[in-house]
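Here is the structure we will look at.
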Amino acid sequence: MVEPRKKDVFREVRRILSEHEAKGITKSELVRILTKDGTATWKTVQKYWENLIDEGILEQRKTGYQQKRCFPTKANQRLVKFENKLETVNKLLDFVEKEPILGDCFASSPKIEGFPEINSADTYSKAKPKDPIDVFAKNFREKNVSVFNITTLTSRRDLLKEIPSFLISYLGNPLNQYPEKTRTEIMKMINPIITKCYDILQRDYSKTGLYSQYFADKVNKNFEKFIVLFYAVKGNTLFDPTAEFLNILGRYYYCVSYRYSKDLKYENCNEQKLISAFIEEFFDFQKGTAKSIDEKYDAKFIKSNLENIKEHAKTFHIASGPIADKDFPWLDEINKSLASKLIKTDKRHYTDDPPFIKDYYLKLFFLLGLFSKLEKRIIQEDFTDRKSHLKREEGNL
515 MVEPRKKDVF REVRRILSEH EAKGITKSEL VRILTKDGTA TWKTVQKYWE NLIDEGILEQ
575 RKTGYQQKRC FPTKANQRLV KFENKLETVN KLLDFVEKEP ILGDCFASSP KIEGFPEINS
635 ADTYSKAKPK DPIDVFAKNF REKNVSVFNI TTLTSRRDLL KEIPSFLISY LGNPLNQYPE
695 KTRTEIMKMI NPIITKCYDI LQRDYSKTGL YSQYFADKVN KNFEKFIVLF YAVKGNTLFD
755 PTAEFLNILG RYYYCVSYRY SKDLKYENCN EQKLISAFIE EFFDFQKGTA KSIDEKYDAK
815 FIKSNLENIK EHAKTFHIAS GPIADKDFPW LDEINKSLAS KLIKTDKRHY TDDPPFIKDY
875 YLKLFFLLGL FSKLEKRIIQ EDFTDRKSHL KREEGNL
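Under my numbering, the first residue of the sequence shown carries the number 515, and numbering increases by one thereafter.
As structure tokens, then:
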């Protein structure tokens with residue numbers, strides 16, 4: 515038997531200990547399990563035993579039993595829980611890699627096989643810029659060339675691009691309170707995922723940018739005599755990276771639902787659940803933020819105050835720090851919430867995602883319980899306000 519690598523033994527020991535967290539497990543039973551599944555022999559366990567203790571993976575305690583029993587340390591439990599979180603990332607990444615066309619673009623008629631088709635009038639608002647952001651054509655100078663419009667959400671590309679920074683930001687978030695040693699170990703777990711994201715980006719987008727090379731090849735093959743114009747329809751990037759990444763996941767969920775879910779029903783297929791599992795694992799710490807705030811307060815009033823705070827911070831180039839308000843001391847709590855970070859302040863144009871897509875994924879977030887009732891009302895108030903601005907802009911064209 516080839517001696518297993520140290521990290522593989524440690525990973526399996528972590529898993530076994532996590533399953534025996536309450537009552538612990540004897541050393542002999544731990545070795546029996548490791549031997550049975552082919553991870554390690556008794557000799558291998560003996561070789562690494564002191565390392566397992568010194569590196570904080572296990573601790574031995576005297577209990578009511580005659581023998582000492584092995585328990586996971588608190589630091590080890592956190593590593594195991596983070597490994598479980600990363601399973602949702604890896605599953606989602608495997609799916610994203612397998613579906614190189616899904617998530618970046620929508621096409622109006624004519625239809626591309628295997629590619630979401632949507633009425634361009636629904637996707638592309640009149641309030642959007644009229645100039646194409648990209649032009650793709652095989653035979654540009656050929657006579658009688660037709661024009662084919664494609665609108666882009668770039669949710670697949672953005673997902674691959676932002677997963678690394680999101681994971682690092684999550685790791686460093688003070689709310690998660692990871693000790694330095696634990697953060698170091700977690701970074702080792704994250705590195706392969708970062709590498710995979712950049713490998714896919716390099717392979718699929720290095721020559722095309724907005725859409726994958728697979729999509730470009732499909733357009734090239736099916737529409738040789740077309741001039742293809744690409745229009746961006748996604749909203750402007752949010753200031754807060756966590757909120758922006760949640761929006762990216764929402765856009766991608768919509769694209770997946772359009773392809774795989776009958777009548778766009780929520781949580782109706784395994785493909786949708788890959789994304790919702792990611793959201794539930796990594797946005798769980800946000801649940802219930804601002805839940806202590808009295809529900810009687812008017813959402814419009816709160817939203818107006820939050821916008822004033824954000825505008826003040828931008829004007830004077832300061833971070834959004836604690837808010838001193840003797841009448842409304844809870845404003846600071848709401849200002850720190852994820853709901854507040856989803857609210858934008860640019861009212862000059864409709865700067866958000868297409869309304870029907872935004873509405874769809876906001877309902878997903880509510881379904882997953884990411885927000886308190888008050889936060890939900892604030893987000894809905896903001897969304898309604900933005901749709902009103904959009905209608906006024908369209909009426910002025």
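Ideal placement from N, C-alpha and C gives every residue a C-beta, glycine not left out.
Rounded to whole angstroms, VAL523 and GLY883 show a C-alpha spacing of 37 Å. Judged by pairs of C-beta atoms under 8 Å, the region 767 to 784 does not touch the region 739 to 759, as fewer than three such pairs exist.
Note on geometry: alpha-carbon atoms of ILE762 and LYS537 lie some 42 Å from one another. Here ASN598 is exposed, its C-beta having fewer than 16 other C-beta atoms within 10 Å. In the three-state reduction of the DSSP assignment, LEU566 falls in the helix class.
Contact between GLY764 and TYR684 does not hold, since their C-beta atoms are separated by about 17 Å, which reaches or exceeds 8 Å. Rounded to the nearest whole angstrom, the CA to CA distance from ILE793 to PHE620 is 24 Å. For ARG592, the three-state secondary structure derived from DSSP is helix. Residue state for ALA554 is assigned as coil, using DSSP reduced to three classes. The shortest C-alpha to C-alpha distance from VAL603 to any of GLU676, ARG583, ALA853, LEU566 is the one to GLU676. If you look at LEU743, you'll find it in the beta strand (DSSP E) that goes 740 to 746. In this structure, the CA atom of GLU613 is about 20 Å from the CA atom of PHE759.
Shown here for LEU778: same chain residues with a beta carbon closer than 6 Å to its own, the five before and five after excluded, namely SER771 in chain order.
In the displayed model, LEU888 falls within a helix according to three-state DSSP. Beta-bridge partners of PRO755 (DSSP): none assigned.
Under the three-state reduction of DSSP, CYS584 is assigned to strand.
Within the DSSP secondary-structure output, GLN574 pairs in a beta bridge with CYS584.
Separation of ALA853 and GLY570 (C-alpha to C-alpha, rounded to the nearest whole angstrom) is 37 Å. Between LEU593 and LEU715, the alpha-carbon positions lie close to 28 Å from each other. As computed with DSSP, SER660 is found in a beta bridge with PHE740. In the three-state reduction of the DSSP assignment, THR549 falls in the helix class, which pools H, G and I.
For the region 663 to 708, there is no continuous beta strand (DSSP E) assignment of 3+ residues that stays within its boundaries. Nearest to GLN727 by alpha-carbon distance, out of ARG671, ASP867, LEU681, ARG773, is ARG671. Per DSSP, reduced to three states, the secondary structure at ILE857 is coil, with no helix or strand assignment. With a cut-off of 8 Å on Cβ pairs, the region 530 to 545 is in contact with the region 575 to 591, counting three or more such pairs. By the beta-carbon neighbour count (other beta carbons within 10 angstroms, threshold 16), LYS872 is buried. The beta-carbon distance between ALA757 and LEU856, rounded to whole angstroms, is 5 Å. This is short enough to meet the 8 Å contact definition.
Proximity to ILE530 across SER775, LEU572, GLU699 peaks at LEU572, based on C-alpha coordinates. Distance from the CA atom of ARG528 to the CA atom of LYS550, rounded to whole angstroms, is 16 Å. Leaving aside the five residues that flank ILE547 on each side, the residues in its chain whose CB is nearer than 7 Å to its CB run, in chain order, ILE530. Using a Cβ distance threshold of 7 Å, ASP866 and GLY749 count as a contacting pair. Relative to the Cα of PRO678, the nearest Cα in the group MET703, THR665, ASN663 belongs to MET703.
Secondary structure of ILE615 (DSSP, three-state): coil. Apart from the 5 residues on each side of it in sequence, LEU566 sits with its Cβ closer than 8 Å to the Cβ of PHE524, VAL527, LEU572 in its chain, given in chain order.
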